[in-house]
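Just below is one structure, and these are the notes that go with it.
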Amino acid sequence: AQRVTQPEKLLSVFKGAPVELKCNYSYSGSPELFWYVQYSRQRLQLLLRHISRESIKGFTADLNKGETSFHLKKPFAQEEDSAMYYCALSERDDKIIFGKGTRLHILP
Amino acid sequence: DVKVTQSSRYLVKRTGEKVFLECVQDMDHENMFWYRQDPGLGLRLIYFSYDVKMKEKGDIPEGYSVSREKKERFSLILESASTNQTSMYLCASSFPRDYLYFGPGTRLTVL
Numbered sequence: 012a013q014r015v016t017q018p019e020k021l022l023s024v025f026k027g028a029p030v031e032l033k034c035n036y037s038y039s040g041s042p043e044l045f046w047y048v049q050y051s052r053q054r055l056q057l058l059l060r061h062i063s064r065e066s067i068k069g070f071t072a073d074l075n076k077g078e079t080s081f082h083l084k085k086p087f088a089q090e091e092d093s094a095m096y097y098c099a100l101s102e103r104d105d106k107i108i109f110g111k112g113t114r115l116h117i118l119p
Numbered sequence: 002d003v004k005v006t007q008s009s010r011y012l013v014k015r016t017g018e019k020v021f022l023e024c025v026q027d028m029d030h031e032n033m034f035w036y037r038q039d040p041g042l043g044l045r046l047i048y049f050s051y052d053v054k055m056k057e058k059g060d061i062p063e064g065y066s067v068s069r070e071k072k073e074r075f076s077l078i079l080e081s082a083s084t085n086q087t088s089m090y091l092c093a094s095s096f097p098r099d100y101l102y103f104g105p106g107t108r109l110t111v112l
């Protein structure tokens, strides 16, 4: 069973429009969740983690334990946000599991 | 800056060959990971190691083995490469319960 689900393979959004990348997880303990981003021809890197509760590049993500979700949001998309985004879950044994990823395409 | 390096960016091997992928990190991280990245499948964990000589299977360990003789180095071994192992292989490292630092990846093609 999938532990991290990203339902959208591709999301196209116009520049200046709001962005929401969905992530749902399945985990019985206290989850530790992350968003990673991969820009074109760059290595995968951390975007943000839920325990930091900070905004990075205008993105935020709130952990909703009731809905088991950790959606990534940005109020106004920019062209440089075009990238591949992965949601990830750290399990209690430090194993880190990723979703299948969502490609975000910002339209001019 | 944390550096995670992988021995090759591109590798072409033939079916049945033994393949070694090397990963080195310079931040004294306890944890090291090997993932494969395939379009539409995301990142799938092959193996991870939380200490020297310690290893744990990930979700897709079949056809792979690993070696961690020194803290900074984590090797992925394909005992007998097959065409379905053609993929991008990503190494990562971290402190316990912390986020991952990734290497640049090795694109392996098995002919």
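From first to last, the protein sequence lines are chains A and B. Start counting the first sequence at 12; every next residue gets the next number (the working numbering). Start counting the second sequence at 2; every next residue gets the next number (the working numbering). Ideal Cβ placement from N, Cα and C applies to all residues, glycine included.
Inter-residue spacing [alpha-carbon to alpha-carbon] between residue i and residue j
{"i": "A:G69", "j": "B:Y90", "result": "30 Å"}
{"i": "B:E70", "j": "B:E57", "result": "15 Å"}
{"i": "B:I78", "j": "B:D27", "result": "21 Å"}
{"i": "B:Y11", "j": "B:V20", "result": "12 Å"}
{"i": "A:G112", "j": "B:A93", "result": "17 Å"}
{"i": "A:E91", "j": "B:D29", "result": "33 Å"}
{"i": "A:M95", "j": "B:L112", "result": "28 Å"}
{"i": "B:E23", "j": "B:R108", "result": "13 Å"}
Closest residue to residue i among the options (Cα-Cα distance)
{"i": "B:T87", "options": "B:Y36, B:L101 and B:R69", "result": "B:Y36"}
{"i": "A:F45", "options": "A:G110, A:K85 and A:L118", "result": "A:G110"}
{"i": "B:E63", "options": "B:E73, B:I47 and B:D52", "result": "B:I47"}
{"i": "A:F87", "options": "A:T71, A:V48 and A:S80", "result": "A:T71"}
{"i": "B:S9", "options": "B:G106, B:R98 and B:A82", "result": "B:G106"}
{"i": "B:Q59", "options": "B:L44, B:V53, B:E73 and B:D52", "result": "Per the sequence presented here, residue 59 of chain B reads as Gly, with Gln not at that position. With distances taken between Cα atoms, B:G59 lies closest to B:L44."}
{"i": "A:R103", "options": "A:D73, A:Q17, A:Y96 and A:Y38", "result": "A:Y38"}
{"i": "B:S83", "options": "B:R98, B:V13, B:V53 and B:Y100", "result": "B:V13"}
{"i": "B:F75", "options": "B:T16, B:R15, B:G17 and B:E31", "result": "B:E31"}
{"i": "A:E19", "options": "A:I107, A:N35 and A:N75", "result": "A:N35"}
{"i": "A:F25", "options": "A:Q17, A:N75 and A:Q89", "result": "A:Q89"}
{"i": "B:M33", "options": "B:T6, B:E80 and B:T110", "result": "B:T6"}
Cβ neighbour criterion (16 or more within 10 Å) applied to residue i
{"i": "A:G40", "result": "exposed"}
{"i": "A:Q53", "result": "exposed"}
{"i": "A:A28", "result": "exposed"}
{"i": "B:G41", "result": "exposed"}
{"i": "A:Q49", "result": "buried"}
{"i": "A:I62", "result": "exposed"}
{"i": "A:S66", "result": "exposed"}
{"i": "B:G104", "result": "buried"}
Contact under 8 Å by Cβ, residue i with residue j
{"i": "B:S67", "j": "B:S50", "result": "Checking the displayed sequence, the identity of residue 67 of chain B turns out to be Val instead of Ser. Yes, the pair counts as a contact, with Cβ atoms nearer than the cut-off."}
{"i": "A:L83", "j": "A:R14", "result": "no"}
{"i": "A:L32", "j": "A:L115", "result": "yes"}
{"i": "A:R64", "j": "B:Y100", "result": "no"}
{"i": "A:E43", "j": "B:R98", "result": "yes"}
{"i": "A:V30", "j": "A:K106", "result": "no"}
Where the beta strand (DSSP E) through residue i begins and ends
{"i": "B:Q38", "result": "N32 to D39"}
{"i": "A:H116", "result": "T113 to L118"}
{"i": "A:S93", "result": "Run containing A:S93: none; DSSP gives neither H nor E here."}
{"i": "B:I47", "result": "G43 to D52"}
Contact test: residue i Cβ vs the ligand GTP heavy atom, cutoff 7 Å
{"i": "B:S68", "result": "As presented, the structure is devoid of all ligands, the ligand GTP included, so that no description of it is given."}
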